[in-house]
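In the numbering used here, the protein residues as written are 3 to 323.
Think of the CB as a built atom: it goes at the ideal place given N, C-alpha and C, for glycine as much as any other residue.
All remarks here apply to the structure that follows.
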Ligand code: AMP
Ligand code: MG
């Protein structure tokens, strides 16, 4: 059974030393728990993919302590620096050209000439990174394709015995994964919506912000056009039905706002940040409830609601496995 330690200074030092020694450590960030390994170490990075059952073509995000450390790994344009200055530390991942002398395992970015880099804000993540004193590759600490973990208990439920140490820093405040912003092309493009919104990015760049085609929640105005195109991900075992007004027989209702009859409510007050923070934990709870399906209330598609709807659409997508 994997050892779970608290988030005191001594435990963070121990976690950092384990990472530096090539071991895998799960630790909290402000988004979700990460499954960390030394990003320079081929064996550690390969172990991350193996522990998650993650396909090797899906690249990992490298976590570092600050912009100076990030610039040793990737080429930062003036735009990239401005975005880092505004949003780091925080839930924004920047995809930039990889430096030839980055010293990062080629496995991390699945052979791509770019690198995805983030500086997390969570004090425990920062303490662990400082103690490790190396760039740390860290995808979400869950088996590939399943719901991301927002507590140490979630990590253990999915990866017990597959990770050397879990640092328990309580619940993650943001609750959905970082925004992934690709800066390798002409126009900054959001590859994955998250806590930093397109409007937030545009406010810094002053120009257009692209959106990679992502699944969207179906509504009367915008029905789900091609569900077959959606990569199943973030998926509970129970089927998920989106845009629901009410639960059908045998279904749980995951509500949002002032809906009657919700089994659980992401945010009775209709607060999107609260809903994001509750999303994965509530999906897990309902997944364990023996329901036929999880029906989910419509979520406004703005701000962090974009990220919630992206994850929900993938949770509801036809399962590949
Ligand atoms: P996760 O590690 O589960 O938080 O997922 C990381 C996300 O970042 C995935 O959607 C990856 O496809 C994306 N990503 C990581 N590295 C790159 C890269 N070099 N270029 C584009 N996307 C990336
Ligand atoms: Mg993930």
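In the DSSP output, what is residue 144 paired with across the bridge?
Residue 144 pairs with nothing; no bridge assigned.
Between 71, 11, 191 and 124, which has its C-alpha nearest residue 176's C-alpha?
124
Assuming residue 296 and residue 274 form a contact by the criterion Cβ under 8 Å, report the distance between their Cβ atoms to the nearest whole angstrom.
With 8 Å as the limit, residue 296 and residue 274 do not qualify as a contact, their Cβ atoms being about 19 Å apart.
I think residue 126 touches residue 30, with their Cβ atoms under 8 Å apart; what is that distance to the nearest whole Å?
5 Å
Pick helix, strand or coil for residue 103, following the three-state DSSP scheme.
coil
Report yes if the CB atom of residue 116 is closer than 8 Å to the CB atom of residue 56, and no otherwise.
no
Which listed residue (215, 37, 205 and 67) has its alpha carbon closest to that of residue 129
67
Residue 7: which of 114, 167, 75 and 184 sits nearest, CA to CA?
167
Between the alpha carbons of residue 221 and residue 318, how many angstroms are there, rounded?
Note that residue 221 scores a pLDDT of 49, beneath 50, so its modelled location is shaky and nothing firm can be said.
Note down, in chain order, each residue of its chain lying with its Cβ closer than 7 Å to the Cβ of residue 50, except the 5 sequence neighbours on either side.
Taking C-beta separations shorter than 7 Å and ignoring five residues to either side along the sequence, the partners of residue 50 in its chain run 26, 37, 39, 62, 139 and 141, following chain order.
Comparing C-alpha positions only, which one of 47, 93 and 78 sits nearest to residue 186?
78
Between residue 141 and the ligand MG, is there a pair consisting of the residue's CB and a ligand heavy atom that are separated by less than 7 Å?
yes
Can you tell me whether residue 59 is buried or exposed? The criterion is at least 16 other CB atoms within 10 Å of its CB, across all chains shown.
exposed
Rounded to whole angstroms, what is the Cα-Cα separation between residue 218 and residue 315?
Here residue 218 scores only 48 on pLDDT, less than 50, and its place in the model should not be relied on; the value that follows carries that caveat. The straight-line gap from Cα to Cα measures roughly 6 Å.
Just checking, does the stretch 148-166 make contact with the stretch 273-287 on the three C-beta pairs under 8 Å criterion?
yes
I'd like the span of the beta strand (DSSP E) that includes residue 124, first residue to last.
Element bounds for residue 124: n/a, residue is neither H nor E.
For residue 191, which three-state DSSP category applies?
strand
Determine the contact status of residue 74 and residue 94, defining contact as a CB-CB distance below 8 Å.
no
Would you mind working out which of 257, 200, 234 and 262 sits nearest residue 184, comparing C-alpha positions?
When only C-alpha atoms are compared, the closest one is 200.
Helix, strand or coil: which one does DSSP assign to residue 320?
coil
Throw me the rounded Cβ distance for the residue 248 and residue 263 pair, which I believe falls under 8 Å.
6 Å
If I'm right that residue 266 touches residue 256 with Cβ under 8 Å, what's the distance once you round it to whole angstroms?
6 Å
Compare the C-alpha of residue 179 against each of 122, 44 and 162 and name the closest.
The residue with the shortest Cα to Cα distance from residue 179 is 122.
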